[in-house]
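Visitor: So that we are looking at the same thing, I have put the structure below in structure tokens.
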Amino acid sequence: MAVTLKAEKREDLKKSHTRLIRQQGLVPAVVYGKGKEPKTVAVNSIELLKTVRDEGRNAIISLTVDGESVDVMLHDYQVEPLRDELIHADFYAVNMSQEIDVEVPIHLDGEAQGSKDGGVLQQPLYNLAIRAKPGNIPEEIVVDVANLQVGESITVADLSKSGDYEITEDEGTTIVSILTPDSGTVEEESDEEQTEPELVDAEKNENEES
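Written as structure tokens, this is what we have:
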């Protein structure tokens, strides 16, 4: 079910008017889509942030402009880094009957047995690429790691198939793994062992030249 968000038509695109809009708590935005003429609008900053926080980045938003509604997704946004304020948003008009490619957050569920045994959990993949109709996009992909042992990993190929969406991520991609506690230390020591002879050789050459 789409979340309703009201928008105001924005016809004056001058910088002075844009600043005024932001001072009023609104965010200038653009609505575009395949075969659609781009529209410039403004939405309430707090309401937009609340919608994304509560419903997720891939939420379907029913954007109402002058009494007309269009189903959109938040495609991109810009934040002013110094004040940490939302300053612009891009909405993509979607066709609810056509599949689209999106990335969905991955949520690890449970405490891995390997972590309890002293292993180090690593998660190389935080978002999963999928293809689905807008109404079938999950808020997150849950991966159960409770039984994961030291030395084991979960790849995209291990995920359960769903009739609502197609996973487009490479099946060989590792999502999470449990490393042995000393795996990182061994690599660091081996690097030091490789560099020390080079320093000794350098000193030897200097002595010979002198």
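Quick note on numbering: the sequence shown equals residues 1 to 210 in UniProt numbering.
Quick reminder that beta carbons are idealized off the backbone N, C-alpha and C, glycines included.
Just so we're clear, the structure is a prediction, and the values are computed from it rather than from any experiment.
1) Alpha carbon to alpha carbon, how far is residue 155 from residue 26?
2) Count the other CB atoms within 10 Å of the CB of residue 147; is the residue buried (16 or more) or exposed (fewer)?
3) Quick one: what does DSSP say residue 123 is sitting in, helix, strand or coil?
4) For residue 6, which of helix, strand or coil comes out of DSSP?
5) Under a three-way DSSP split, which group does residue 178 fall into?
6) Expressed to the nearest angstrom, what Euclidean distance is found between the alpha-carbon atoms of residue 63 and residue 179?
7) Within 10 angstroms of its Cβ, does residue 46 collect 16 or more other Cβ (buried), or is it exposed?
8) How many Å lie between residue 16 and residue 22 at the Cα?
9) Which residue wins for smallest C-alpha separation from residue 103, given the options 130, 18 and 71?
10) How many Å lie between residue 40 and residue 107 at the Cα?
11) When the Cα atoms are used, what is the spatial distance from residue 165 to residue 12?
12) Per DSSP, which one or two residues make a beta bridge with residue 81?
13) Between the alpha carbons of residue 97 and residue 162, how many angstroms are there, rounded?
14) Determine the closest residue to residue 94 out of 75, 82 and 81, with distance taken between C-alpha atoms.
15) Going by DSSP, what residues sit across from residue 114 in a beta bridge?
16) Give the DSSP-derived three-state secondary structure of residue 49 in the structure shown.
17) Any idea if residue 128 is buried or exposed, counting beta-carbon neighbours within 10 angstroms, 16 or more meaning buried?
18) How about the region 135-153 and the region 106-121: do they share at least three Cβ pairs that are nearer than 8 angstroms?
19) With the cut-off set at 8 angstroms, would you say residue 176 and residue 160 are in Cβ contact?
20) Taking the beta strand (DSSP E) that residue 168 belongs to, which residues open and close that run?
21) Residues in its own chain within less than 7 angstroms of residue 57 by CB, not counting five upstream and five downstream?
22) What separation, rounded to the nearest whole angstrom, lies between the Cα atoms of residue 37 and residue 2?
Guide: If we stick to the structure as given:
1) 42 angstroms
2) exposed
3) coil
4) strand
5) strand
6) 46 angstroms
7) exposed
8) 10 angstroms
9) 130
10) 35 angstroms
11) 41 angstroms
12) Note: residue 81 sits in no beta bridge, so no partner.
13) 18 angstroms
14) 75
15) Per DSSP, none; premise fails for residue 114.
16) helix
17) buried
18) yes
19) no
20) Taken as a continuous stretch (DSSP letters only), residue 168 belongs to no beta strand (DSSP E), as it is neither H nor E.
21) 74
22) 22 angstroms
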